[in-house]
Amino acid sequence: DAGVIQSPRHEVTEMGQEVTLRCKPISGHNSLFWYRQTMMRGLELLIYFNNNVPIDDSGMPEDRFSAKMPNASFSTLKIQPSEPRDSAVYFCASSFRVTPTDTQYFGPGTRLTVL
Amino acid sequence: KQEVTQIPAALSVPEGENLVLNCSFTDSAIYNLQWFRQDPGKGLTSLLLIQSSQREQTSGRLNASLDKSSGRSTLYIAASQPGDSATYLCAVRPHLVGKLIFGTGTRLQVFP
Chain X
1 DAGVIQSPRH EVTEMGQEVT LRCKPISGHN SLFWYRQTMM RGLELLIYFN
51 NNVPIDDSGM PEDRFSAKMP NASFSTLKIQ PSEPRDSAVY FCASSFRVTP
101 TDTQYFGPGT RLTVL
Chain G
1001 KQEVTQIPAA LSVPEGENLV LNCSFTDSAI YNLQWFRQDP GKGLTSLLLI
1051 QSSQREQTSG RLNASLDKSS GRSTLYIAAS QPGDSATYLC AVRPHLVGKL
1101 IFGTGTRLQV FP
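Following this line, the structure appears as C-alpha cells:
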C-alpha cells in the first residue's frame, strides 16, 4: 500500500485566495483525521471523520475552514479566504477504526504558505 | 485544560549513548499516552502506546514509562544511532473519545 497520500506537497498562495488540500487515506481505513502543525501551537487536530461522516470538528479554527469526505477514498480541506496566519503544515492521517488504541498513519503533509 | 510539555526542546548526543526524553502533562486523568517519531518533511510514525493502567511499554531499543499520578512519561532510547535522529512527540488522550493532545516535541540529533 502506498500509505496516506496528500496533495499538493507544497502550496504557496496569496492572501484571500481559496486553497484546497487533498487526502487519500489507506484503503480499508474507516477513519480520517486532519491536523495542522505550526511552531507556535504544535500539532492540533482540526477534524476527524468516521465512515465518511464528520464526528468532531471542534478544532476547525473558524468558518473559513471546511472539510469534506465524499467517499471512503478521498477527503478535502478547504480554506476560503486564506490568511497569512493559516501558513502551516497540514497533515492527513487515517486509521482502521476510531478507537483510542488504533494506530493513525500519517501522510507526508502539505506545507502551506500564505503571502 | 490539558497541556503537554516536552523537555528538552532539542538534544544532540554522540552515537551509542543511552538517552531519556521527557514528557509532562498537567491533568493526570488520561486514557492513554503515545510516543511518535517525526522525520523532516514527513508525517508522524507511532512508536509506543501506553494505556493509563500500564507502567511501561517496550519496543526494541525503545522503552516508554508512564507515571500518571505525577503527570510524567519518559522515552528511553538505548544505544542511540544516527538513524534515531528525528523529532519525538508525545501525545495524551484525555478520555476514551477525546482527541490526542500533542507536546511540542524534542528534536534529537545523534552524530557518528
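Line by line, the protein sequences give chains X and G.
Per the working numbering, residue 1 is the first one in the first sequence, and the count goes up by one each step.
Per the working numbering, residue 1001 is the first one in the second sequence, and the count goes up by one each step.
Quick reminder that beta carbons are idealized off the backbone N, C-alpha and C, glycines included.
Legend entry - Neighbour list for Pro108(X) in chain G, Cβ cutoff strictly below 8 angstroms: Taking the first residue of the first sequence as 1, we reach residue 108(X) at position 108. Those are Gly1041, Lys1042, Gly1043, listed as they occur along chain G.
Legend entry - Segment contact, 8 angstroms Cβ cut-off, at least three pairs: the region 87-96 of chain X with the region 18-31 of chain X: Note that the region 87-96 of chain X touches the region 18-31 of chain X; at least 3 beta-carbon pairs, one per stretch, sit closer than 8 angstroms.
Inset, instruction - Quick one: grab the DSSP three-state call for Gly1105(G). - result: The residue you call residue 1105(G) lines up with position 105 of the second sequence. The answer is coil: DSSP assigns Gly1105(G) none of H, G, I, E or B.
Inset, instruction - Return the CA-CA distance between Ile944(G) and Thr1045(G), expressed in angstroms with no decimal places. - result: This structure gives no information on residue 944(G), because the portion of chain G shown stretches from 1001 to 1112.
Inset, instruction - Report the three-state DSSP secondary structure of Asp102(X) (helix, strand or coil). - result: Position 102 of the first sequence, counting from 1, holds the residue named residue 102(X). Coil.
Legend entry - Interfacial residues, the region 79-98 of chain X to chain G, with Cβ spacing under 8 angstroms: Phe91, Ala93
Inset, instruction - Return the residue from the list Gly1105(G), Tyr1076(G), Arg1072(G) that minimises the CA-CA distance to Thr1087(G). - result: Here residue 1087(G) is taken as the residue at index 87 of the second sequence, counted from 1. Cα-wise, what sits closest to Thr1087(G) is Gly1105(G).
Legend entry - Nearest neighbour of Ala1029(G), chosen from Gly1043(G), Asp1067(G), Ser1080(G) [CA to CA]: Residue 1029(G) sits at position 29 when you count from the first residue of the second sequence. Of Gly1043(G), Asp1067(G), Ser1080(G), the residue nearest in Cα terms is Asp1067(G).
Inset, instruction - Compute the distance between the beta-carbons of Pro100(X) and Tyr1076(G), then report whether it is under 8 angstroms. - result: Walking along the first sequence from the start, residue 100(X) turns up at place 100. Walking along the second sequence from the start, residue 1076(G) turns up at place 76. No; because the gap between Cβ atoms is not below 8 angstroms, this pair is not in contact.
Inset, instruction - Label Leu1108(G) either buried or exposed according to how many other C-beta atoms from any shown protein chain fall within 10 Å of its C-beta, with 16 as the threshold for buried. - result: In the second sequence, residue 1108(G) corresponds to position 108, counting from 1. Buried, by the Cβ-count rule.
Legend entry - Residue burial classification, Met69(X) (beta-carbon count within 10 angstroms, cutoff 16): Taking the first residue of the first sequence as position 1, residue 69(X) is located at position 69. Answer is buried; the Cβ neighbour count reaches 16.
Legend entry - Cβ-based contacts, 7 angstroms cut-off: residues of the region 11-37 of chain X near chain G: none
Legend entry - Cβ-Cβ distance between Leu21(X) and Phe49(X) below 8 angstroms: For the purposes of this step, residue 21(X) is taken as the residue at position 21 of the first sequence. For the purposes of this step, residue 49(X) is taken as the residue at position 49 of the first sequence. Contact flag unset, no.
Inset, instruction - For Gly1103(G), go through chain X and note every residue whose CB falls closer than 8 angstroms to its CB, in chain order. - result: To locate residue 1103(G), count along the second sequence from 1; it is residue 103. Chain-ordered, the chain X residues with CB closer than 8 angstroms to the CB of Gly1103(G) read Gly42.
Legend entry - Boundaries (first-last residue) of the beta strand (DSSP E) holding Lys78(X): Along the first sequence, read from residue 1 onward, the residue named residue 78(X) stands at position 78. 74-79 is the extent of the beta strand (DSSP E) around Lys78(X).
Inset, instruction - Give the residues from the region 1026-1060 of chain G that approach chain X closer than 8 angstroms (Cβ to any Cβ), ordered along the chain. - result: Tyr1031, Asn1032, Gly1041, Lys1042, Gly1043, Leu1044, Thr1045, Ser1046, Leu1049, Gln1051
Legend entry - Cβ distance (whole Å) where Gln1057(G) is taken to contact Leu1049(G) below 8 angstroms: Along the second sequence, read from residue 1 onward, the residue named residue 1057(G) stands at position 57. Along the second sequence, read from residue 1 onward, the residue named residue 1049(G) stands at position 49. Confirmed, about 7 angstroms.
Inset, instruction - Return the chain-ordered list of same chain residues with a C-beta closer than 6 angstroms to the C-beta of Glu1017(G), the five sequence neighbours on each side being excluded. - result: Taking the second sequence and counting its residues from 1, the one referred to as residue 1017(G) is at position 17. Ser1080.
Inset, instruction - Show which residues of chain G have a CB atom less than 7 angstroms away from the CB atom of Pro100(X). - result: Position 100 of the first sequence holds residue 100(X). Neighbours of Pro100(X) on chain G, chain order: Tyr1031, Asn1032, Arg1093, Leu1096.
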